[in-house]
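The numbering of the sequence shown is my numbering, which starts it at 120 and goes up by one. Even for Gly, the Cβ is constructed at its ideal location relative to N, Cα and C. Note that the structure is predicted; figures quoted are calculated from it, not measured.
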Amino acid sequence: KCEMKKYIYKIGAFFLSLPFLGVTASCDDWFGIMPQSEMVAEDFWKDEQDVKSAVGACYRAMLEDGFMRRLIVWGELRSDNVIDGTTTDTEIGYILNANLNESNSYCKWSDFYTVINYCNTVIQNAPMVRERDADFTEEDLNHYLAEAKAIRAFCYFTLARTFRDIPYIETPYVDDTQRFQVGQTPFENVLDTLIRDLKTVENVAVTEYGENTTYTRGRVTQKAIWALIADMSLWKGDYQQCVDYCDKILTTTTNPLSLLPAASYFNSVFFVGNSDESIWELQYDNNTQNSAVRTFYGDNNHSCLLSAFSLETANGTEWWNGVDMRRIGAYAENSGTYYIEKYVYATYSTDYEDIRFSDFSSYINGEGNWIIYRLADAYLMKAEALAEQGDVVRAVDMVSYTYDRAHPNLDAGSLKSQYTASTPQATIRDLVLDERQREFLFEGKRYFDLVRRMRREQTTNNVVNNYILRKYTSGMNLSQSTVMSKINDINAIYMPIHQDELRLNQMLEQNPFYETSDDISKN
Numbered sequence: 120k121c122e123m124k125k126y127i128y129k130i131g132a133f134f135l136s137l138p139f140l141g142v143t144a145s146c147d148d149w150f151g152i153m154p155q156s157e158m159v160a161e162d163f164w165k166d167e168q169d170v171k172s173a174v175g176a177c178y179r180a181m182l183e184d185g186f187m188r189r190l191i192v193w194g195e196l197r198s199d200n201v202i203d204g205t206t207t208d209t210e211i212g213y214i215l216n217a218n219l220n221e222s223n224s225y226c227k228w229s230d231f232y233t234v235i236n237y238c239n240t241v242i243q244n245a246p247m248v249r250e251r252d253a254d255f256t257e258e259d260l261n262h263y264l265a266e267a268k269a270i271r272a273f274c275y276f277t278l279a280r281t282f283r284d285i286p287y288i289e290t291p292y293v294d295d296t297q298r299f300q301v302g303q304t305p306f307e308n309v310l311d312t313l314i315r316d317l318k319t320v321e322n323v324a325v326t327e328y329g330e331n332t333t334y335t336r337g338r339v340t341q342k343a344i345w346a347l348i349a350d351m352s353l354w355k356g357d358y359q360q361c362v363d364y365c366d367k368i369l370t371t372t373t374n375p376l377s378l379l380p381a382a383s384y385f386n387s388v389f390f391v392g393n394s395d396e397s398i399w400e401l402q403y404d405n406n407t408q409n410s411a412v413r414t415f416y417g418d419n420n421h422s423c424l425l426s427a428f429s430l431e432t433a434n435g436t437e438w439w440n441g442v443d444m445r446r447i448g449a450y451a452e453n454s455g456t457y458y459i460e461k462y463v464y465a466t467y468s469t470d471y472e473d474i475r476f477s478d479f480s481s482y483i484n485g486e487g488n489w490i491i492y493r494l495a496d497a498y499l500m501k502a503e504a505l506a507e508q509g510d511v512v513r514a515v516d517m518v519s520y521t522y523d524r525a526h527p528n529l530d531a532g533s534l535k536s537q538y539t540a541s542t543p544q545a546t547i548r549d550l551v552l553d554e555r556q557r558e559f560l561f562e563g564k565r566y567f568d569l570v571r572r573m574r575r576e577q578t579t580n581n582v583v584n585n586y587i588l589r590k591y592t593s594g595m596n597l598s599q600s601t602v603m604s605k606i607n608d609i610n611a612i613y614m615p616i617h618q619d620e621l622r623l624n625q626m627l628e629q630n631p632f633y634e635t636s637d638d639i640s641k642n
């Protein structure tokens, strides 16, 4: 069978027998539900427990190594955050060196379409359970549908940011008789559809799961849906809608969120996880470890595919403005290599003026959660939208929340005296972009931030020359002319569609920048 049919859209009779673990199981177990045997669909969708198990499988599929690897590769590798680490991988090396073409396995999207198909299966079949299970209420059904639609939206949103135009499918694939030749839907249409769909469930989604913090932070809540809508609105250029949905997150009192103090920020948010400022994060533990983070960012021997690009070298010390807690906790230098510590190690040193590499001694061992959205996203998405609206004062006010927390040695509101109402809009745009980089280092957001800016400016010149290029020339010692030939094109900012997908689905069209690539040395 073709790979696209088998792994991307087709779920066949597989997946649908998912045992419910019962009320005595831990909440972490529920996120670990996996397809275990074959059962035809009509024999499965009998009661609410089947629906819950199916939704649990949607979450579990996002924890798979291939899915998680792509969140890092697509969101970080081509950004100015990372360079090569202490270990090597051929295909990762190609991407890091801007030698990307359609044969690279990281251009495969099957891990995401697998999750999408699970969600489509839930969305199609869950309503029929209402007719079979008298105890399955309309409210409960809507809760599950909201989760499935939000997970599907996140997957499609990630695919669109990575590839631009993508196949959009809402019908699950369950057998070989179905048509799998599907063309691409334009980027803007995908986002419009997702936003409309999320708006149908935003008011019926769960607001919070009581005292069950793991569920409230690990399952989709109303605030996670609002964050998705705000994020997609930012990409669409609908800045007022972005502001409105960020305000919902910031002002609604159910599922309260708060920024943690600087001293406990890193250990609580990235080491312990499910913190008071988390909106939605993927749940890992000792049984289901985040091997992708361990592979890319480092194991207990600091063996890693990626290391941090030294932002001190690139931007000068003023970029961090002294003792920035995010610089202290995100990476540490040892023998010329800047090792990524966020998501990998924690430190309990309180000597913030002189934190050393050896102070990061508590290894997370791949058990750390992966954060999709947290409170800082709401502040900084709103800041970017306000900056684009020309509201300089309010944009700086939003940036100040994360900036002040990261600089406990500075007076609160110090940014407001530096950036007044007369500050040019372009300067505030740069401030927001820089603050997002500082706040979300290595969280899978930076490259997407750069792509969004290039889309907005309709050119790569500013971002390539002032942000991306310095990593290649300074951090990786590549010639400027070689790098420019491979990245200075508006179509080159997206990934190519993998050659296997093109062969199997004749309706797909390759990204124009890569369509003539016959040898990896060309692109």
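Please go through the same chain and pick out, in chain order, the residues whose beta-carbon is closer than 8 Å to the beta-carbon of residue i, but skip the five residues on each side of it.
i	result
N102	Not covered by the structure: residue 102. The range shown for the chain is 120 to 642.
D208	L424
F476	A451, E452, N453, Y458
E396	L376, S377, L378, L379, V388, R493, L494, A495
S536	none
T546	Y538
Please go through the same chain and pick out, in chain order, the residues whose beta-carbon is closer than 6 Å to the beta-carbon of residue i, but skip the five residues on each side of it.
i	result
F231	C274, L278
I214	L196
N610	N630, P631, F632
R685	Outside the displayed range of the chain (120 to 642) lies residue 685, so it cannot be described from this structure.
I474	I447, S468
A381	M444, R524, P527
Skipping 5 residues on each side, what residues in its chain have a beta carbon closer than 7 Å to that of residue i?
i	result
A267	V174, C177, C238, V241, I242
G392	E400, G487, N488
E327	T335, T340, T373, N374
F428	D199, N200, V201, I202, K590, G594
C226	M614, P615, I616, H617
V422	At residue 422 the sequence reads Ser, which differs from the Val that was named. Excluding residues within five positions, the ones whose Cβ falls inside 7 Å are T205, T206.
L317	K268, A269, A272, I344, L347, I348
D478	T466, S468
Give the secondary structure of residue i by DSSP, where H, G and I count as helix, E and B as strand, and everything else as coil.
i	result
V325	coil
S397	strand
S387	helix
V339	coil
S480	strand
Y492	strand
V301	coil
Y237	helix
T466	strand
I202	strand
Y287	coil
Y471	helix
Y275	helix
Y334	helix
Y292	strand
N308	helix
C146	For C146, the pLDDT reaches just 39, beneath the cut-off of 50, and the residue's location in the model is therefore unreliable, although a value from the coordinates is still provided. If DSSP states are grouped into helix, strand and coil, C146 belongs with the helices.
N409	coil
V192	helix
E167	helix
F255	coil
I270	helix
Y498	helix
D208	coil
Which term fits residue i, buried or exposed, when burial requires 16 or more other beta carbons within 10 angstroms of its beta carbon?
i	result
Q64	This structure does not reach residue 64, given that the chain is present from 120 up to 642, and the question cannot be answered.
T281	buried
E330	exposed
E503	buried
N200	buried
Y721	This structure gives no information on residue 721, because the portion of the chain shown stretches from 120 to 642.
V512	exposed
M626	exposed
Q599	exposed
Q359	exposed
A265	buried
E507	buried
A540	exposed
### Cβ contact check for the stretch 368-377 and the stretch 351-359: 3 or more pairs under 8 Å
no
### Task
Could I get the ranges of all uninterrupted alpha helix (DSSP H) runs contained in the stretch 419-463, with 4 residues as the minimum, in chain order?
430-434, 444-449
#### Entry: alpha helix (DSSP H) runs contained entirely in the stretch 576-636, provided each spans 4 or more residues
599-606, 618-623
### Task
Specify whether the stretch 541-561 and the stretch 509-522 touch according to this definition: at least 3 beta carbon pairs, one from each stretch, less than 8 Å apart.
yes
### Message
Within 8 Å, do at least three Cβ pairs link the stretch 361-371 to the stretch 460-472?
### Response
no
### Query
Are the stretch 434-454 and the stretch 397-406 touching by the rule of at least three beta carbon pairs closer than 8 Å?
no
### Query
Any chance the stretch 248-257 sits against the stretch 286-293, with 3 or more Cβ pairs inside 8 Å?
no
### Query
Per the contact definition of three or more C-beta pairs closer than 8 Å, is the stretch 612-621 in contact with the stretch 591-602?
no
### Message
Could you check whether the stretch 217-224 touches the stretch 597-607, counting it as contact only if at least three pairs of C-beta atoms, one from each stretch, sit closer than 8 Å?
### Response
yes
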